[in-house]
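Colleague: I'd like to ask you about the structure that follows.
Residue numbers (the numbering used here): 19 to 139.
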């Protein structure tokens, strides 16, 4: 009589524990969360628009900050999936779509253009 094979490495033989979408979202790194990336883009937009109304603030500094924030989001978005915060009734994590990624890249282009215009003016 043969003995049953032992579970392979990393396999406990126990049934897999399935996380809810809310638990899975909570376990994501910060750079994969849509709310964080959206917040960074909104902050970049506020700095870009609000920075032009602050007298004495060099526009080059504003452009560089906006560029840096936008580049961070674009690297996150283009290097892997970014997930939206799940609603209580959702059973899946939803990824950012192509439109979100295009907007993130446009932010980079506008931020870099703002930084370059300040440098070469």
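All C-beta atoms, glycine included, are put in the ideal place defined by N, C-alpha and C.
Small disclaimer: the values here were computed from a predicted structure and weren't measured.
Considering only the beta carbon of each residue, do residue 80 and residue 58 sit closer than 7 Å?
Modeller: In the chain shown, counting from the first residue as 1, residue 80 sits at position 62. In the chain shown, counting from the first residue as 1, residue 58 sits at position 40. No, the Cβ-Cβ distance between residue 80 and residue 58 is not below 7 Å.
Colleague: Excluding five sequence neighbours on each side, which residues of the same chain lie with their C-beta closer than 7 Å to the C-beta of residue 111?
Modeller: Translated into the one-based positions of the chain shown, residue 111 becomes position 93. Contacts found: 39, 42, 43, 101 and 104.
Colleague: In angstroms, rounded to a whole number, what distance separates the CA positions of residue 140 and residue 94?
Modeller: This structure gives no information on residue 140, because the portion of the chain shown stretches from 19 to 139.
Colleague: Under 7 Å, do residue 85 and residue 130 count as touching if we go by C-beta distance?
Modeller: Counting from 1 along the chain shown, the entry for residue 85 is found at position 67. Counting from 1 along the chain shown, the entry for residue 130 is found at position 112. Yes, Cβ-Cβ distance for residue 85 and residue 130 is below 7 Å.
Colleague: Can you tell me which residues form a DSSP beta bridge with residue 101?
Modeller: As a first step, residue 101 is located in the chain shown; it is residue number 83 there, counting from the start. In DSSP, residue 101 forms a bridge with 51 and 113.
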